[in-house]
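Chemist: All you need for my numbering is the position in the sequence shown, starting with 1, plus 132.
Note that beta-carbon positions come from the ideal geometry of N, C-alpha and C, so glycine has one too.
The structure displayed is predicted, hence computed values, not measured ones.
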Amino acid sequence: MSSKNSTKINFFSGEQIPVELHKVRIVQKLNLKPIDDRLKAIEKGGYNTFLLNTEDVFLDMLTDSGTNAMSDNQLASMHQADDAYAGSQSFYRMEKALQDVFGKELILPVHQGRAAENIISQTFIRPGHVIPMNYHFTTTKAHMEINGGKIYEIYTDEALKIKSSHPFKGNIDIDKLKKLITKYGVENVPFIRLEASTNLIGGQPFSIENMREVRKVADEHGIMMVLDASLIGENAWFIKKREKEFANSSIRDILRTMCDLCEIIYFSSRKVSSTRGGGICTNDKKLFMKMRDLVPLYEGFLTYGGMSVREIEAMAVGLMETTDDTVISQSPGFIEYAVNELDKLGIPVITPAGALGAHVDALQFLDHVPQKEYPAGALAAALYIVSGCRGMERGTISSVRLDNGEDLLADMELLRLAFPRRVFTLSQTKFLIDRLNWLYQNRELIGGLEFVEEPKVLRFFMGRLTATSDWPQKLVAKFKKDFGDSL
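Here it is as structure tokens:
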């Protein structure tokens with residue numbers, strides 16, 4: 133690898149730790165409250181970390197969506213925003229950035245990624261349609277099903293393995309794809325969806341080799357490809373690090389190679405550009421026109437799409453910064469450090485390290501808690517109690533209930549600990565690892581959860597649960613015994 137493309141830093145001591153290639157100039161005060169206060173907070177929040185007040189949170193590792201640190205140039209750009217309702221120059225600057233980075237000429241702005249999913253689903257999905265993909269995202273699945281579609285996850289055998297050395301666990305299984313098209317008929321497959329750095333299975337990337345294989349199948353049957361590019365920057369970084377053909381390629385060139393393989397690109401800029409908003413991009417005028425009229429109906433005029441023009445300005449800058457190795461490698465570097473340290477301690481964590489965050493396997497961590505008692509949710513609540521760190525349940529709570537009233541048990545029960553770009557320090561990461569280690573040594577104290585208030589749609593956002601026993605109180609007592617009056 134040429135020196136100008138390398139972000140690797142070696143220590144004389146031999147220690148392997150990530151080095152921040154940025155400096156901190158604005159800080160935000162955090163609160164680490166006593167454990168008794170944390171217990172009260174999680175009880176008040178119905179043992180759902182989404183319902184915690186940030187005043188009660190120390191490290192907010194719930195998500196990277198809209199929580200990435202913005203750069204000085206992004207903040208500066210917001211002061212040149214053009215507030216025009218129509219024809220805003222801010223939109224045209226964003227449009228130019230998208231054309232440059234993604235290589236798509238026609239742009240539809242939307243207020244965030246799920247808004248793009250709504251428009252794409254309404255435009256292309258009809259009752260009886262099936263949509264093959266490497267893995268679903270919660271809102272993606274909901275939008276497609278509301279419009280009568282059915283998703284099929286056709287991942288490879290490596291995808292759901294917790295401990296693995298496979299570099300691209302987000303790949304689509306080509307044989308399964310071919311069989312699905314044959315079974316349901318090409319007329320019932322509106323598109324093939326690929327999600328960069330697949331969110332719900334540990335932020336695992338796909339390879340360009342696999343994309344090309346999917347493209348070949350799509351071309352044989354006249355099916356378009358749709359790419360969720362919300363975490364495309366990190367996926368491109370993993371391609372650069374793990375796919376030999378692209379070892380010396382720039383992130384910009386890798387991004388264009390990925391995007392050129394798909395007819396439609398959509399994204400949440402809350403992730404990809406460290407701002408708020410989203411968009412849909414294509415080079416196909418017919419596809420563009422099919423979607424266009426839904427934007428004013430749901431989002432706003434075509435030159436703002438429900439976004440603040442200040443965010444649009446920052447998005448333009450953030451998209452360009454996504455092509456910078458030092459920017460896009462920061463979060464994966466911290467995640468890799470955390471995953472490697474947790475793995476050394478014997479804590480079950482998804483390997484290899486992926487994008488977005490470190491993912492702890494709650495089924496192994498809490499092998500005494502039945503899956504119907506939501507081990508990933510219980511682990512998220514337990515970690516908050518002992519550390520003040522807010523992670524996200526990605527398991528059966530994030531799934532759905534079947535018509536017979538039973539839970540559709542999730543393929544994986546994960547506690548996701550997000551690492552937003554340029555937000556946390558190394559000492560904070562070490563604190564997280566220490567508290568997880570203590571929790572693992574005392575895991576037998578943790579019990580399950582049960583719903584007391586359960587929304588019918590996307591229940592993980594607003595649902596309330598309670599502990600199935602007094603295990604939270606026992607956990608607090610053991611913490612006090614071991615840590616004394618320490619926070």
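Please state the DSSP three-state secondary structure of H491.
Modeler: strand
Chemist: Whole angstroms is fine: what's the gap from D602's alpha carbon to D499's?
Modeler: 18 Å
Chemist: For E505, name the three-state secondary structure that DSSP assigns.
Modeler: helix
Chemist: Express the C-alpha separation of G280 and M265 in angstroms, rounding to a whole number.
Modeler: 16 Å
Chemist: Pick out whichever of A274, H275, H268, S296 has its Cα sitting closest to the Cα of Y284.
Modeler: Of all alpha-carbon atoms in A274, H275, H268, S296, the one lying nearest the alpha-carbon of Y284 is that of H268.
Chemist: Please classify V449 as buried or exposed, where buried requires at least 16 other C-beta atoms within 10 Å of its C-beta.
Modeler: By the 10 Å Cβ count, V449 comes out buried.
Chemist: Using 8 Å as the threshold, is the C-beta distance between R388 and G235 below it?
Modeler: Yes, Cβ-Cβ distance for R388 and G235 is below 8 Å.
Chemist: Which value, in whole angstroms, describes the spacing of the CA atoms of S339 and T454?
Modeler: Going by the C-alpha atoms only, they are around 19 Å apart.
Chemist: I'd like the list of long-range same chain contacts for L577, defined as Cβ closer than 7 Å, with 5 residues on each side in sequence excluded.
Modeler: W603, K606, L607, K610
Chemist: Between which residues of its own chain and D392 is the CB-CB distance below 8 Å, once the five residues before and five after are set aside?
Modeler: G235
Chemist: Measuring CA to CA, which of R553, E505, F551, L515 is closest to S530?
Modeler: Nearest C-alpha to S530: E505.
Chemist: From T414 to K161, what does the alpha carbon distance come to, in whole angstroms?
Modeler: 42 Å
Chemist: Kindly indicate which three-state DSSP category R225 falls into: helix, strand or coil?
Modeler: When DSSP states are grouped into helix, strand and coil, R225 belongs to the helix group.
Chemist: Under the three-state reduction of DSSP, which class applies to E147: helix, strand or coil?
Modeler: Looking at E147 - three-state DSSP - the assignment turns out to be coil, as it is neither helix nor strand.
Chemist: State the Cα-Cα distance for the pair R442 and I239, rounded to the nearest angstrom.
Modeler: For R442 and I239, the gap between their C-alpha atoms comes out near 18 Å.
Chemist: Tell me whether the beta-carbon of T195 lies closer than 8 Å to the beta-carbon of A510.
Modeler: No. Outside cutoff.
Chemist: Is it right to say H211 is buried, meaning 16 or more other beta carbons lie within 10 angstroms of its own, or is it exposed?
Modeler: Counting Cβ neighbours within 10 Å, H211 comes out exposed, since fewer than 16 surround it.
Chemist: Sorted by chain position, which residues of the same chain lie with C-beta nearer than 7 Å to V471's C-beta, five sequence neighbours on each side aside?
Modeler: Excluding positions up to five away in sequence, the list reads V481, T483, A485, A490.
Chemist: Between the alpha carbons of V492 and D214, how many angstroms are there, rounded?
Modeler: 44 Å
Chemist: Roughly how far, in whole angstroms, is the beta-carbon of F420 from the beta-carbon of F323, given that I think they are within contact range, below 8 Å?
Modeler: With 8 Å as the limit, F420 and F323 do not qualify as a contact, their Cβ atoms being about 15 Å apart.
Chemist: Let me know if E366 comes out buried or exposed under the rule of 16 or more other beta-carbons within 10 Å of its beta-carbon.
Modeler: buried
Chemist: Are the segment 192-206 and the segment 539-558 in contact at 8 Å, needing three or more beta carbon pairs?
Modeler: Contact between the segment 192-206 and the segment 539-558 is present, with at least three C-beta pairs closer than 8 Å.
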